[in-house]
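Visitor: Structure in structure tokens, see below.
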Amino acid sequence: MYITQIDIAGLHIEHHDSDMRAHVAVLSDMGRILVDCRVPLDDMAPENRRSAVLHEAIRQLRRMPEFRSGKREIRVAEGLLA
Numbered sequence: 001m002y003i004t005q006i007d008i009a010g011l012h013i014e015h016h017d018s019d020m021r022a023h024v025a026v027l028s029d030m031g032r033i034l035v036d037c038r039v040p041l042d043d044m045a046p047e048n049r050r051s052a053v054l055h056e057a058i059r060q061l062r063r064m065p066e067f068r069s070g071k072r073e074i075r076v077a078e079g080l081l082a
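The sequence shown begins at 1 in the numbering used here and counts up one residue at a time.
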């Protein structure tokens with residue numbers, strides 16, 4: 001899978017449980033995959049929140065059977081995770 005675009009929507013901070021939630025759309029050569037992400041804030045600096053959500057989305061993709069088994073790999077276009 002070669003990821004060419006990542007969009008974040010519905011970014012919401014849950015103050016009562018210190019979590020950040022977002023819907024992440026990953027566009028790749030395989031199509032579009034939607035991932036629901038939940039990331040603990042843990043005193044995270046605001047400038048690091050987007051990156052944390054992106055990395056959580058990639059982590060979830062890597063748990064999919066076709067990637068976890070090693071049959072396919074995930075590659076990300078340069079600059080997307082910056």
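The beta-carbon is built from N, C-alpha and C at its ideal position, and this holds for glycine as well.
Taking just the CA atoms, how far does I6 sit from D17?
Guide: Position 17 of the sequence shown, counting from 1, holds the residue named residue 17. Position 6 of the sequence shown, counting from 1, holds the residue named residue 6. D17 and I6: Cα-Cα distance of roughly 26 Å.
Visitor: Exposed or buried, which one is M20 when buried takes at least 16 other CB atoms within 10 Å?
Guide: Residue mapping note: residue 20 aligns to position 20 of the sequence shown, counting from 1. M20 is classed as buried because its beta carbon has at least 16 other beta carbons within 10 Å across all chains shown.
Visitor: With respect to the beta strand (DSSP E) encompassing A25, which residues constitute its N-terminal and C-terminal limits?
Guide: The sequence position of residue 25 within the sequence shown is 25, counting from 1. Element bounds for A25: 19 to 28.
Visitor: From P46, M44, T4, F67, pick the residue whose C-alpha is nearest to that of G31; which is it?
Guide: Reading the sequence shown from its first residue, position 31 is the one you call residue 31. Nearest option by C-alpha distance: T4.
Visitor: Which residues in the same chain as P40 place their Cβ atom closer than 7 Å to its Cβ, once the five residues preceding and following it in sequence are excluded?
Guide: Residue mapping note: residue 40 aligns to position 40 of the sequence shown, counting from 1. A distance below 7 Å between beta-carbons, with the five flanking residues on each side excluded, links P40 to the following residues of its chain, in chain order: S18, D19.
Visitor: Relative to the alpha-carbon of L84, which residue among P65, G70, A57 has its alpha-carbon at the smallest distance?
Guide: No statement about residue 84 is possible, as the shown extent of the chain runs from 1 to 82 and does not include it.
Visitor: Could you pull out every residue in the same chain whose Cβ sits closer than 7 Å to the Cβ of R49, ignoring the five residues on either side in sequence?
Guide: As a working mapping, residue 49 is identified with position 49 in the sequence shown. M20, listed in sequence order.
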